[in-house]
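Remarks on the structure that follows.
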Amino acid sequence: MDLFFKYLQYEKRYSPHTLTSYHTDLGQFAGYLLQTYEITDAAQADHTIIRSWILSLVHQNIQPRSINRKIACLRSYYKFLLSQQRIAVNPMLRIKAPKVSKKLPAFVPEESFNQLLDSFEFENTFEGQRDRMILEFLYGTGMRLSELIGITKSDIDTYQRTVRVLGKGNKERIIPINDSLWQSIEAYLQHKKTEFGNNNSEKLLVTTKARPLYPKFIYRVVKKYISLITTSEHNSPHVLRHSFATHLLNKGADLNAIKDLLGHASLAATQVYTHNSIEKLKSIFEKAHPKA
1 MDLFFKYLQY
11 EKRYSPHTLT
21 SYHTDLGQFA
31 GYLLQTYEIT
41 DAAQADHTII
51 RSWILSLVHQ
61 NIQPRSINRK
71 IACLRSYYKF
81 LLSQQRIAVN
91 PMLRIKAPKV
101 SKKLPAFVPE
111 ESFNQLLDSF
121 EFENTFEGQR
131 DRMILEFLYG
141 TGMRLSELIG
151 ITKSDIDTYQ
161 RTVRVLGKGN
171 KERIIPINDS
181 LWQSIEAYLQ
191 HKKTEFGNNN
201 SEKLLVTTKA
211 RPLYPKFIYR
221 VVKKYISLIT
231 TSEHNSPHVL
241 RHSFATHLLN
251 KGADLNAIKD
261 LLGHASLAAT
271 QVYTHNSIEK
281 LKSIFEKAHP
291 KA
């Protein structure tokens, strides 16, 4: 398993979040093998044993999406064992993943979010300007939470007004910075310099103790402000990523351009946003088509 995780980290370049999830999943599977079958080596498990583990997860009311992630972990693991000649046959070839009902991405209405940014008076302090910039960054670029935390000051091109983002699989992309976000960045950096001087962290987003921000902190900030404009339970940082894509699509942006901005590997992942925009598309059709 140690070799497997080194392979994922250094050759496949999986994200730290995925590595942590896979560590948990494989650990649970290994515990099940030991407790149920007294098997200490996962290479000895066949497809019937793997199916029994999946069935036990179903009986525990684990969500199909989570089960599918665990299955994906085992697929990668047994494929690795096969390449290392630890097994002769891949038992995962006979395993089918449970179907997952597709949910439409939740998003914040454009008018509501703009009203928050335009009407809410963020304090003219380091913390207040940092909170505003977090919201502006997530909504104005569509980047993931992990990507936002990883941004450094050198990733921001002040001349081109762009930000360099390191996404999944260490794939780099460049995202333009809009005027509103740019003003927030300038205000925040000024407060940051006043607060910490020139010896502050290279990371763009920091705490009041100049330490890099962490995921739970961003979650709290986003939840605090999004709760002011919606009663929906969907108020995580990812909702702003969904809002970014949905609003762009509603304004007529090209789907391939949105795909590149989001850092999706395939267009299929981006196409889910078209479902949110179907009413907008109907409206455009009715106004534009001569037979509508």
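Anchor point for the sequence shown: position 233 equals 233 in full-length UniProt numbering, and the numbering is continuous, going up by one each time.
Backbone N, C-alpha and C fix where the C-beta goes; we use that ideal spot for every residue, glycine too.
Return the CA-CA distance between PHE5 and LEU19, expressed in angstroms with no decimal places. One-based indexing of the sequence shown puts residue 5 at position 5. One-based indexing of the sequence shown puts residue 19 at position 19. When rounded, the distance between both Cα atoms is 7 Å.
According to DSSP, is ILE54 helix, strand or coil? The sequence position of residue 54 within the sequence shown is 54, counting from 1. DSSP places ILE54 in helix when its eight states are reduced to three.
Please classify ASN235: is it buried, with 16 or more other beta-carbons within 10 angstroms of its beta-carbon, or exposed? Here residue 235 corresponds to residue number 235 of the sequence shown, with the count starting at 1. The residue in question, ASN235, is buried, as its Cβ has 16 or more Cβ neighbours within 10 Å.
So, is GLU172 buried or exposed, given that buried needs 16 or more other C-beta atoms within 10 angstroms? Working through the sequence shown from its first residue, we reach residue 172 at position 172. Exposed.
Which residues does DSSP list as the beta-bridge partners of LEU166? The residue given as residue 166 occupies position 166 in the sequence shown. Answer by DSSP bridge pairing, in chain order: GLU172.
Can you tell me whether ALA288 is buried or exposed? The criterion is at least 16 other CB atoms within 10 Å of its CB, across all chains shown. By 1-based counting over the sequence shown, the position of residue 288 is 288. Exposed.
Between which two residues does the alpha helix (DSSP H) containing ASN178 stretch? Indexing the sequence shown from 1 puts residue 178 at position 178. Taken as a continuous stretch (DSSP letters only), ASN178 belongs to no alpha helix (DSSP H), as it is neither H nor E.
Measuring alpha carbon to alpha carbon, tell me which of SER76, ARG65, ALA43 and PRO64 ends up nearest LEU8. In the sequence shown, residue 8 corresponds to position 8, counting from 1. Minimum Cα distance to LEU8 is reached at SER76.
At 4 residues or longer, what runs of the alpha helix (DSSP H) sit wholly inside the UniProt domain "Core-binding (CB)" (1–82)? 2–6, 16–37 and 47–59
Collapsed DSSP secondary structure at VAL239 in the structure displayed: Locating residue 239 in the sequence shown gives position 239, counting from the first residue. In the structure shown, VAL239 sits in a helix (DSSP, three-state: H, G or I).
Cβ neighbour criterion (16 or more within 10 Å) applied to GLY140: Taking the sequence shown and counting its residues from 1, one reaches residue 140 at position 140. Per the 10 Å Cβ criterion, buried.
Looking only at C-alpha atoms, which of LEU189, PHE122 and ILE134 sits nearest to SER154? Walking along the sequence shown from the start, residue 154 turns up at place 154. SER154 has its Cα closest to that of LEU189, out of LEU189, PHE122 and ILE134.
Whose C-alpha, out of ALA43, GLU38, GLN35 and ILE71, is nearest the C-alpha of ARG51? The residue labelled residue 51 in the question sits at position 51 within the sequence shown. The option with the nearest alpha carbon to ARG51 is ILE71.
Note the first and the last residue of the continuous alpha helix (DSSP H) segment covering MET133. Looking up residue 133 in the sequence shown gives position 133. It spans 126–141 - the alpha helix (DSSP H) in which MET133 sits, taken as one unbroken run.
Given this structure, state the Cα-to-Cα distance separating THR36 from THR48, to the nearest angstrom. The sequence position of residue 36 within the sequence shown is 36, counting from 1. The sequence position of residue 48 within the sequence shown is 48, counting from 1. Spanning the two alpha carbons is a distance of roughly 13 Å.
Should TYR78 be labelled buried (16 or more other beta-carbon atoms within 10 Å of its own) or exposed? Walking along the sequence shown from the start, residue 78 turns up at place 78. TYR78 comes out buried.
Which listed residue (VAL165, ARG144, GLY197 and TYR159) has its alpha carbon closest to that of HIS242: For the purposes of this step, residue 242 is taken as residue 242 along the sequence shown, with counting starting at 1. Closest by alpha carbon: ARG144.
On a Cα-Cα basis, can you pick out the residue from THR24, PHE107 and GLN85 that is closest to ALA245? Within the sequence shown, numbered from 1, the residue matching residue 245 stands at position 245. It is PHE107.
Based on DSSP bridge pairs, tell me the residues matched to ILE156. What you label residue 156 is simply residue 156 of the sequence shown in a count that begins at 1. DSSP lists VAL163 as partners of ILE156.
Please report the Cβ distance between VAL222 and LEU138, rounded to the nearest whole angstrom; I am assuming they are in contact, meaning their Cβ atoms lie under 8 Å. The sequence position of residue 222 within the sequence shown is 222, counting from 1. The sequence position of residue 138 within the sequence shown is 138, counting from 1. Indeed, because the Cβ distance is near 7 Å, the residues count as touching under 8 Å.
On a CA-only basis, which of LEU261, SER21 and PHE196 is nearest GLU127? Give me that one, please. In the sequence shown, counting from the first residue as 1, residue 127 sits at position 127. Of the listed residues, the one whose Cα sits closest to GLU127 is PHE196.
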